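Input: a single structure, listed below in structure tokens.
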Amino acid sequence: MSSSGMRMENINLKSLEAFRAIIQTGSATAAARQLGLTQPGISRLLASLEQLVGFQLFYREHSRLIATDEAKHLTSEIDLLLNNADRFLALARNLHKTETGSLTIVAPQSFSSGPLADAVASFIQLYPKISVSIESHSPQTARDLVAQRSIDCGFIQLPENHPGLVVKPMLDSDLVCAVPAAHPLCDRTSLSLTDLSHEPLIMLGQGRPSRQRLETLFQQHGVLPKIRLETHSVATACAYVQRQLGIAIINRVLAQQYLNDQLTLVPLAPAIHHHYGFIYSAHAPMPKLVAAFCQHCSQFFSSQRMD
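Residues 1404 to 1710 (my numbering) are what the sequence shown spells out, left to right.
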């Protein structure tokens, strides 16, 4: 059958699993062991898939099966198909259930260990039978994984306009200056960009939109920042502030978890705000467990603002 005549109902998931197992192991025998099948069974599945796609997927080199160039192009799509099949089965098993099931969430690492930790902990108290997995990826990867439904939901800094995502604004936070406790500026009620003009700075998010906005404000105030250290981690920035290497301009809600007697947080004036949104895939209705978590987070973060 030619590829133009291929129909969805002809695709055998077992054949795709056999393909992936051969890619991973390099032999039909090892793939059979991995899947709990016989070697002839693996060979039949592979032959069936090759007949379906209309070209050879592997060639033999000594005792190993080597993927053809065409097979290599298919690998990532087959992984996605099988992952989505697994997620479909998990969703089917947990349909109409919020008291059981699993939830995979993606968020920036500092967000996961900071404001998200309390939200997840209180959600698990309400639904003690669920399992939760927290992942951290680059913003672009996080967007794609949620849009493809490989991850249930996540949190991301706004604005966000990925066409495959639904975004619900969830949490706001202002920028603050993390100042060493012994520093002369630590007792100020606020700090301006001009106040920081002669201070060594620890800066985050080089190249990201939030950093570009901050750099624009420095320019508007006629200040050339003295950058001593660059990092993408709030934890790292605070660690160096504690060692008196400079002042960090960081997100208040992410910085709270690192407060101790070695650093203090001083508001930045004028106030600069970061906004975070809850994201899920636009390609399917929101699953019931994701909807319950979204509503819980909305209520949780609203109560935090009132406190």
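Glycine included, each C-beta is placed from N, C-alpha and C at the ideal position. Since the model is a prediction, treat every value here as computed from it, not as a measurement.
- Unbroken alpha helix (DSSP H) runs of no fewer than 4 residues, entirely contained in the segment 1644 to 1685, are found at 1655 to 1658, following chain order.
- As summarised for the segment 1571 to 1648, the continuous alpha helix (DSSP H) elements at least 4 residues long and confined to that stretch are 1612 to 1623 and 1637 to 1645, given in chain order.
- Within the same chain, I1537 and S1539 come within 7 Å of S1515 by CB-CB distance, once the 5 residues on both sides are set aside.
- With 16 or more other CB atoms across the displayed protein chains lying within 10 angstroms of its CB, P1583 is buried.
- Between the beta-carbon of G1557 and that of V1509 there is about 4 Å, and that keeps the pair under the 8 Å contact cut.
- Assignment of Q1512 by DSSP, reduced to helix, strand and coil, places it in the helix class.
- With 16 or more other CB atoms across the displayed protein chains lying within 10 angstroms of its CB, S1513 is buried.
- In the three-state reduction of the DSSP assignment, F1461 falls in the strand class, which pools E and B.
- For the set Q1454, R1552 and P1628, the Cα lying nearest the Cα of S1600 is the one of P1628.
- For C1556, the pairing in a beta bridge is given by DSSP as I1508.
- Inter-segment contact for the segment 1684 to 1697 and the segment 1636 to 1647 is absent: fewer than three beta-carbon pairs are separated by less than 8 Å.
- Within the model, the alpha-carbon separation for I1554 versus E1618 is close to 33 Å.
- Relative to the Cα of N1415, the nearest Cα in the group I1426, A1424, A1433 and L1455 belongs to L1455.
- Using a Cβ distance threshold of 8 Å, F1461 and A1474 count as a contacting pair.
- According to the DSSP secondary-structure assignment, A1470 is paired through a beta bridge with F1461.
- By the Cβ rule, the segment 1567 to 1579 counts as touching the segment 1663 to 1683, because three or more pairs are nearer than 8 Å.
- About 7 Å separates the beta carbon of A1672 from that of L1594, a gap short enough to meet the 8 Å contact definition.
- Nearest to H1699 by C-alpha distance, out of A1687, A1685, H1686 and F1681, is F1681.
- Note on P1518: 16 or more other CB atoms within 10 angstroms of its CB, so buried under the neighbour-count rule.
- Ranked by how close their Cα comes to the Cα of L1506, the residues V1549, E1464 and H1465 have V1549 in first place.
- Counting along the chain, I1533 sits inside the beta strand (DSSP E) bounded by residues K1532 to E1538.
- S1430 sits close to L1468, with the two beta carbons spaced by under 8 Å.
- Checking the DSSP bridge columns, you'll see L1568 partnered with S1684.
- With a cutoff of 8 Å on beta-carbon distance, A1421 and L1448 are scored as near each other.
- Here the alpha carbon of S1466 sits roughly 20 Å from the alpha carbon of L1438.
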